[in-house]
Amino acid sequence: MTTIEVPVKPYIKEYLESNFGNPVNFSGVRGINDFFVLLLERQTHRRDKQTTLSNYKCSVTIVITRDVFYRYGWDLSATAIVSFNALFEYIIKMRSRDIIRTKHRDAKIKIAPAIRQVQCELQFPEESFSFDAIKKDLQRHTNIFKSSNANKKVLGNVSLKKNVI
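In this note's numbering, the protein residues as written are 840 to 1004.
Given below as structure tokens:
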């Protein structure tokens, strides 16, 4: 087994280390392991010039097998690093949105406590994935903050006296 260092965002590092160990080992998760090997294999440099890795303040150690090391190498291009981070950013944010929506809708927990519970459950300290960042993501991608009276307002404005046809 060989290890490589990959630059990541702080909350991605927290997620990877809590779910896949330290050093990170994807061998048990076939889809993610295949994706990572594909990034090593392709060596795409298409967006390397436009890509800055300054957003990735942390790095994570990932275990690869000797076979992968000798077949595909150990180096990820800047484009591959961005793709790797984008995948886990999507997974983390989607999972947190789903948990918050479920807690808010089914357990009738207010949004702020639900966000705090998600931070605890996913083991994200405030420094790595802040309350405000999660709330902004929720506002962008869900309708959880919209008024539940929106349908009533629309239906109230459409009167039976007016011809709708």
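Just so you know, even glycine gets a beta-carbon here, dropped at the ideal spot from N, CA and C.
Please work out which residues of its chain come closer than 7 Å, Cβ to Cβ, to H980, disregarding the five sequence neighbours upstream and downstream, and give them in chain order. Only R936 meet the Cβ criterion.
Between the region 965-982 and the region 860-874, do at least 3 Cβ pairs fall closer than 8 Å? Not touching, per the Cβ criterion.
Going by beta-carbon coordinates alone, are E853 and T900 separated by less than 8 Å? By the CB criterion at 8 Å, E853 and T900 fall outside the cutoff.
Once you ignore the five residues that flank K974 on each side, which residues in its own chain have a CB closer than 7 Å to its CB? I954, listed in sequence order.
If you run the structure through DSSP and keep just helix, strand and coil, what is T904? Taken through DSSP and simplified to helix, strand or coil, T904 comes out as coil.
Which same chain residues end up closer than 7 Å to V907 when comparing Cβ atoms and leaving out the 5 residues on each side of it in sequence? Only V876 and L879 meet the Cβ criterion.
Taking DSSP as the reference, what is the three-state secondary structure of S898? Of the three classes helix, strand and coil, the one that applies to S898 here is strand, per DSSP.
Three or more C-beta pairs under 8 Å: does that hold for the region 889-899 against the region 911-920? Output reads yes: the region 911-920 touches the region 889-899.
Compare the Cα-Cα distances from K896 to each of V921, T904 and R910 and report the closest residue. The residue with the shortest Cα to Cα distance from K896 is V921.
Check whether the Cβ atoms of V868 and N924 sit closer than 8 Å, and answer yes or no. N924 sits away from V868, with the two beta carbons spaced by 8 Å or more.
Distance between beta carbons of I983 and R940, contact taken as under 8 Å: The C-beta separation of R940 from I983 comes to about 6 Å, placing the pair in contact by the 8 Å criterion.
Report the three-state DSSP secondary structure of I851 (helix, strand or coil). I851 sits in a helix when the DSSP states are folded into three classes.
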